[in-house]
Amino acid sequence: MVLPGSSQPAPGSPGSSIYSPSPTPSTNLVPLNKLPVDKSEPAQEQRPRKSRKKLIIIIVGAMTVLLTTLIVSLALVLHHRGSKAQPMNNGPLVELDYAKYLGTPGGYNVTSWLGIRYAAPPVGDLRFAAPQDPKKEGGIQRANSRGPHCISTNSKSVTRISEDCLRLNVFAPSNPHPNSKLPVFFFILGGGFNINSDPFLNGTGLVAASGHNIIVVTFTYRVSLYGFLPGKEIEKGASLNNGLKDQIKALKWVKKYISKFGGDPDQVVIGGHSAGAASVAHLLTAYGGRNDNLFHGAIAGSPSFGTTLANNQSQYLYDTLVKRTGCDTHQDSLACLRKLNVNKLQEHNLGVPLPDSSGPPLFAYSPVIDGDLIQDTFYNLFNQGKFIDVPTVMGGDSNEGTIFAPHNTSTMEESDRWLSRQFPALQHHHFEKLHELYPEPEVRYQGAGAYWTQLSELYGDMRYTCPAMAICRTMSKSFKSDKWNYEYHAQDHRFTKNGYGATHTVELNAIFGPAFLGRKAASSYNSPENGPIVPIVQGYWTSFIRTLDPNKFRAKGSPEWKPSVQDTDISKPLHRLYFETNDTKMIVEDEHLKRKCDYLTSIGPHLMQ
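Residue numbers (the working numbering): 446 to 1054.
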């Protein structure tokens, strides 16, 4: 696919751009800081007395010119007040009511604004607090570099991460029309709620693939103990589930400001993969399904349904942290935690076993049921109809669990023990049924334990595959809006030969394009092996973002993506789009998979998923 080249209108030229030229160039801008201001004035040179009259005339003339310039400038400012952006010779300047951000025109005729604050730094007394409005900043902020991403669990180094991490990035077509009202894709990073995965994702390729008909917003939100520390002390003196509240804060920012970038606040599609997809599910069910009109469609790839405890059940995390840090000896342990140096706090930001578990789970911190933002577990909320009913795409990958299951799992007992660390509510009778559905594997791979594939398949289905299918089913009960389901099966020979297959979130290579992941892409996506699937996937995704229908602008020659439920009987097998390079097609849910998912979803509420 050939992407359009970049073109810029001459500064000050009339036309369709929302940007117009600056009266002065800005060569001295510094990233995300005030412009330096030199308050000193050069000393006046002493002149002979006979030259004073001439000097006075010159000064009066200069002041007259300056006053005239100021009057004209003021008139121009008043004329343009309320416009979407202001002029700069070397980039588009967007004026918000708290700061001015200068974007960077880039390749493919896409402009980016990186590192925009959407909330105040959550430091000091704001550590563990709900996100607050950003403070006003003087001067012009050069938005050409991303802010640091948020601090993660088990990270001893804080050199490239920071508590001051609540920033977002906007990728928009260059020179949009004031009335363009482009649909917005609001992408939520994954990372198990313990790390910001892929924080350098670049929306440029997706904007270009849409024919410059969308805007992409990415952002970072608090994770680990900074975003999800539970406990009665937090509930009373701070705020629970702040990582999700950061996401809502960023959505409210989009609602208020995205029009200044050419976007339509009434055409927002939220999307994410893994914990990002779980976040989508949390936003769909937030406040019991209350619709605040912050988004209008949803895409969730590999939604992660882990164990979700109530706040009082999660008290052990707070108690363990204050004991490790020594804050348990203070009368106000929360105040002590807030005053701790971040490096000291990170020394103790480690995994903790779930109650009744023998070891820590994969992900130490996660959202908790607080009775407000999160009112119950996922399965219960969706089954009770407590969700926002919008057009939704849900799906996942053929081999979700291979990157998580311990590669050396050699016995069924080891498999059961590891799974119990993720889901401690599993009982003996559950395992009896699971052994029947997921028996000893027939295929083994060199260097892997005999039960690695068994555990991989079971964990992948339990946490990712079956939840995505269950949501499609449950949300389709109303028939108010369509739901689409997919399985991503594009194979990379390097992974297939070792048994890894189409791994968790691998479709991000195709969605954003291999050149725009912000990290090294799988080499097969830059070759005939998987390169051809990129425009196919991007066609469906951008079509859905633009129209809430993945078919209207799908790639030429790609099959129609039918809704997952086409009958009033939602218990029937789902219709799914099966992504495979050069052979993408519609399939019907495999009966064996349906039997496994029926059981896993039936015990999901007991497992607190």
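Backbone N, C-alpha and C define an ideal beta-carbon position, used for all residues, glycine too. All figures in this text were calculated on a predicted structure; none of them were measured in a lab.
Quick check on the burial criterion: 16 or more other C-beta atoms within 10 angstroms. Buried or exposed for residue 1004? In the sequence shown, counting from the first residue as 1, residue 1004 sits at position 559. Residue 1004 should be labelled exposed.
At which residues does the beta strand (DSSP E) containing residue 742 begin and terminate? Along the sequence shown, read from residue 1 onward, the residue named residue 742 stands at position 297. Residues 742–746.
By a C-beta neighbour count over all protein chains shown, 10 Å radius and 16 as the cutoff for buried, is residue 675 buried or exposed? By one-based count along the sequence shown, residue 675 stands at place 230. Answer is buried; the Cβ neighbour count reaches 16.
What is the rounded straight-line gap between the Cα of residue 686 and the Cα of residue 1028? Translated into positions along the sequence shown, residue 686 becomes position 241. Translated into positions along the sequence shown, residue 1028 becomes position 583. Spanning the two alpha carbons is a distance of roughly 42 Å.
What is the rounded straight-line gap between the Cα of residue 931 and the Cα of residue 824? Against the sequence shown, residue 931 aligns to sequence position 486. Against the sequence shown, residue 824 aligns to sequence position 379. The alpha-carbon atoms of residue 931 and residue 824 are separated by roughly 20 Å.
How long is the line joining the alpha carbons of residue 1042 and residue 906, rounded to whole angstroms? To locate residue 1042, count along the sequence shown from 1; it is residue 597. To locate residue 906, count along the sequence shown from 1; it is residue 461. Straight-line Cα distance between these residues: approximately 7 Å.
Do you know whose CA, among 814, 627, 716, lies nearest residue 684's CA? As a position in the sequence shown, residue 684 is number 239, starting the count at 1. Checked all of 814, 627, 716; the closest Cα to residue 684 is 814.
Which same chain residues end up closer than 7 Å to residue 855 when comparing Cβ atoms and leaving out the 5 residues on each side of it in sequence? One-based indexing of the sequence shown puts residue 855 at position 410. 894, 895, 896, listed in sequence order.
Excluding five sequence neighbours on each side, which residues of the same chain lie with their C-beta closer than 6 Å to the C-beta of residue 721? Locating residue 721 in the sequence shown gives position 276, counting from the first residue. Contacts found: 633, 634, 635.
Does any residue of chain B bring its CB to less than 7 Å from the CB of residue 698? Note that chain B does not occur in the displayed structure, where there is just one protein chain.
Between residue 431 and residue 890, what straight-line distance do the alpha-carbon atoms span, to the nearest angstrom? Past the edges of the chain, shown from 446 to 1054, lies residue 431, and the structure says nothing about it.
What residue from 693, 1054, 879 has the CA that sits closest to residue 826's CA? Taking the first residue of the sequence shown as 1, we reach residue 826 at position 381. Selected option, being the one with the closest Cα: 1054.
Looking only at DSSP bridge pairs, what is residue 629 linked to? Here residue 629 is taken as the residue at index 184 of the sequence shown, counted from 1. Answer is 660, 713.
In the DSSP assignment, find the alpha helix (DSSP H) that holds residue 903 and state where it starts and stops. If you number the sequence shown from 1, residue 903 lands on position 458. From DSSP, the alpha helix (DSSP H) with residue 903 extends over 897–905.
Closer than 7 Å by C-beta to residue 940: which residues in its own chain qualify, once you throw out the five before and the five after it? Chain order, please. For this step, residue 940 is matched to residue 495 along the sequence shown. Excluding residues within five positions, the ones whose Cβ falls inside 7 Å are 946, 948.
Mark residue 612 as exposed unless 16 or more other C-beta atoms lie within 10 angstroms of its C-beta, in which case mark it buried. Position 167 of the sequence shown holds residue 612. Residue 612 should be labelled buried.
What residue does the beta strand (DSSP E) around residue 840 start on, and which one ends it? Locating residue 840 in the sequence shown gives position 395, where the first residue counts as 1. Residue 840 -> beta strand (DSSP E) spans 837–842.
What residue from 762, 884, 693 has the CA that sits closest to residue 732's CA? Locating residue 732 in the sequence shown gives position 287, where the first residue counts as 1. Residue 732 has its Cα closest to that of 693, out of 762, 884, 693.
Look up residue 1033 in the DSSP assignment and say whether it is helix, strand or coil. Within the sequence shown, numbered from 1, the residue matching residue 1033 stands at position 588. DSSP places residue 1033 in strand when its eight states are reduced to three.
Excluding the 5 residues flanking residue 702 on each side, which residues of the same chain have their C-beta closer than 7 Å to its C-beta? For the purposes of this step, residue 702 is identified with residue 257 of the sequence shown, where counting begins at 1. Excluding sequence neighbours, residue 702 sits near 541.
Given this structure, state the Cα-to-Cα distance separating residue 607 from residue 769, to the nearest angstrom. For the purposes of this step, residue 607 is identified with residue 162 of the sequence shown, where counting begins at 1. For the purposes of this step, residue 769 is identified with residue 324 of the sequence shown, where counting begins at 1. The straight-line gap from Cα to Cα measures roughly 21 Å.
Between residue 875 and the rest of its own chain, which residues show a CB-CB distance below 7 Å, the 5 nearest in sequence each way excluded? As a first step, residue 875 must be located in the sequence shown, where it is residue number 430. 1048.
Is it the case that the region 585–604 contacts the region 636–643, given that we only count it when at least three CB pairs across the two stretches are under 8 Å? yes
My assumption, with CB atoms under 8 Å, is that residue 908 sits in contact with residue 750. Please give the rounded CB distance. As a working note, residue 908 is residue 463 in the sequence shown. As a working note, residue 750 is residue 305 in the sequence shown. About 6 Å separates the two Cβ atoms, so the contact holds.
If contacts are defined as beta-carbon pairs under 8 Å, then residue 677 and residue 760 qualify, I think. What distance do you get, rounded to the angstrom? Here the question's residue 677 lines up with position 232 in the sequence shown. Here the question's residue 760 lines up with position 315 in the sequence shown. With a Cβ gap of about 7 Å, residue 677 and residue 760 count as contacting.
Which residue marks the beginning of the alpha helix (DSSP H) containing residue 988, and which one marks its end? By 1-based counting over the sequence shown, the position of residue 988 is 543. Its alpha helix (DSSP H) spans residues 978–992.
Cα-Cα, which of 808, 943, 831, 810 is closest to residue 819? For the purposes of this step, residue 819 is identified with residue 374 of the sequence shown, where counting begins at 1. It is 831.
Which residues mark the beginning and the end of the alpha helix (DSSP H) in which residue 787 is found? Numbered from its first residue, the sequence shown carries residue 787 at position 342. Unbroken alpha helix (DSSP H) run through residue 787: 787–792.
Spatially closest choice to residue 544 from 558, 552, 554, by CA coordinates: The residue labelled residue 544 in the question sits at position 99 within the sequence shown. Checked all of 558, 552, 554; the closest Cα to residue 544 is 558.
Enumerate in chain order the residues of its own chain whose CB-to-CB distance from residue 1008 is below 8 Å, with the five nearest sequence positions on each side excluded. Your numbering for residue 1008 matches position 563 in the sequence shown. Only 921, 927, 928, 929, 1020 meet the Cβ criterion.
Do the CB positions of residue 1056 and residue 915 come within less than 7 Å of each other? An answer regarding residue 1056 cannot be provided, because it is not within the stretch 446 to 1054 covered by the chain.
At what residue ranges does the region 728–786 contain a whole run of the beta strand (DSSP E), taking only runs of 3 or more? 742–746
Does the distance from the C-beta atom of residue 714 to that of residue 616 stay below 7 Å? One-based indexing of the sequence shown puts residue 714 at position 269. One-based indexing of the sequence shown puts residue 616 at position 171. Their beta carbons are not under 7 Å apart, which means residue 714 does not touch residue 616 by this criterion.
How long is the line joining the alpha carbons of residue 513 and residue 956, rounded to whole angstroms? Here residue 513 refers to the residue found at position 68 when the sequence shown is read from its first residue. Here residue 956 refers to the residue found at position 511 when the sequence shown is read from its first residue. For residue 513, the predicted structure reports a pLDDT of 41, less than 50, and the residue's modelled location is therefore unreliable. A value from the coordinates is still provided. Taking the straight line from one Cα to the other gives about 53 Å.
Within 7 Å, strictly: CB atoms of residue 970 and residue 976: In the sequence shown, counting from the first residue as 1, residue 970 sits at position 525. In the sequence shown, counting from the first residue as 1, residue 976 sits at position 531. It is a contact, given that the beta carbons lie within the stated cut-off.
Presumed contact (8 Å Cβ cut-off) between residue 567 and residue 667, rounded CB distance: Residue numbering aside, residue 567 sits at position 122 when the sequence shown is read from its first letter. Residue numbering aside, residue 667 sits at position 222 when the sequence shown is read from its first letter. About 6 Å; that satisfies the 8 Å criterion.
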